[in-house]
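One structure is given below, encoded as structure tokens.
In this note's numbering, the protein residues as written are 2 to 278.
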């Protein structure tokens, strides 16, 4: 009781601000690693740390308590090294948006964005039915010029027919990724970094690893079509979701691009405000 009274007396506005900042940073890091191997690693580390802390305090094991107390600084630097890719993505997000977390509200749909979604979803459905493999990368705020330079520049108007034609097995451009920026097809036959998150147990090929890899390195969205099963997958923010239907793909794209469905909201108002009216 005395300890609780002491903590209450020491708690002030400054302490509340510090707790809030730490909570925001922790939430931002968790949002980046959720669903990845880093997520599983962090959970394991937390279980071990909490277990040792409880055992050490309950059984009064001085050596374990001393190691936990003295090892906090070392553990902090170790976590920075282990989670370096996730921290890099967090800093890149701050540089792009000025915020630690993604904006929670949708924005009013634009005609160009909706046209892009229609073309990507329509082509994905047709490519899936034909069992033609494809990897379509949709640019968001981060630039993709360094990746576009590895492929063939097209700078053509986006359309469903063009996407299907590019990924025809007889096309010279069907290997590699196709980059989309708005209603423009920027480049095709593009080489992308491969993710290390997927292993043999995941039963995926190079397209899926490349699609996930570009979303780990940038804020882009990747749509992947399997040439073996025709399965539709989507990768965003370093996470891969497989076996999507065309309707599910459309909804995922609208969410990732902060797009409201037609008539879902009032222009200039956050989605949750318009729904409450």
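The C-beta atom is built at its ideal place from N, Cα and C for all residues, glycine as well.
Would you tell me roughly how many angstroms separate the C-alpha atoms of residue i and residue j, rounded to the nearest one?
i, j, result
"residue 239", "residue 67", "37 Å"
"residue 160", "residue 180", "13 Å"
"residue 267", "residue 82", "For residue 267, the pLDDT reaches just 38, beneath the cut-off of 50, and the residue's location in the model is therefore unreliable, although a value from the coordinates is still provided. About 45 Å."
"residue 176", "residue 131", "16 Å"
"residue 16", "residue 251", "44 Å"
"residue 142", "residue 221", "8 Å"
"residue 76", "residue 216", "28 Å"
"residue 165", "residue 228", "13 Å"
"residue 42", "residue 23", "20 Å"
"residue 254", "residue 126", "14 Å"
"residue 59", "residue 235", "47 Å"
"residue 163", "residue 18", "53 Å"
"residue 172", "residue 178", "13 Å"
"residue 71", "residue 88", "24 Å"
"residue 115", "residue 231", "24 Å"
"residue 134", "residue 146", "24 Å"
"residue 140", "residue 151", "16 Å"
"residue 80", "residue 123", "43 Å"
"residue 174", "residue 48", "48 Å"
"residue 62", "residue 54", "10 Å"
Is residue i buried or exposed, if buried means 16 or more other CB atoms sit within 10 Å of its CB?
i, result
"residue 248", "exposed"
"residue 245", "buried"
"residue 118", "buried"
"residue 110", "Note that residue 110 scores a pLDDT of 46, beneath 50, so its modelled location is shaky; the value from the coordinates is reported in the next line. The residue in question, residue 110, is buried, as its Cβ has 16 or more Cβ neighbours within 10 Å."
"residue 258", "buried"
Tell whether a beta-carbon distance below 7 Å holds between residue i and residue j.
i, j, result
"residue 189", "residue 155", "yes"
"residue 168", "residue 128", "yes"
"residue 191", "residue 199", "no"
"residue 57", "residue 65", "yes"
"residue 225", "residue 209", "yes"
"residue 186", "residue 157", "yes"
"residue 113", "residue 45", "no"
"residue 138", "residue 29", "no"
Does the ligand MN have even one heavy atom less than 6 Å from the beta-carbon of residue i?
i, result
"residue 135", "Questions concerning the ligand MN fall outside what the structure shown contains, since it holds no ligand whatsoever."
Run through the region 218–263 for me and flag every whole alpha helix (DSSP H) of 4 or more residues, listed as ranges in chain order.
247–257
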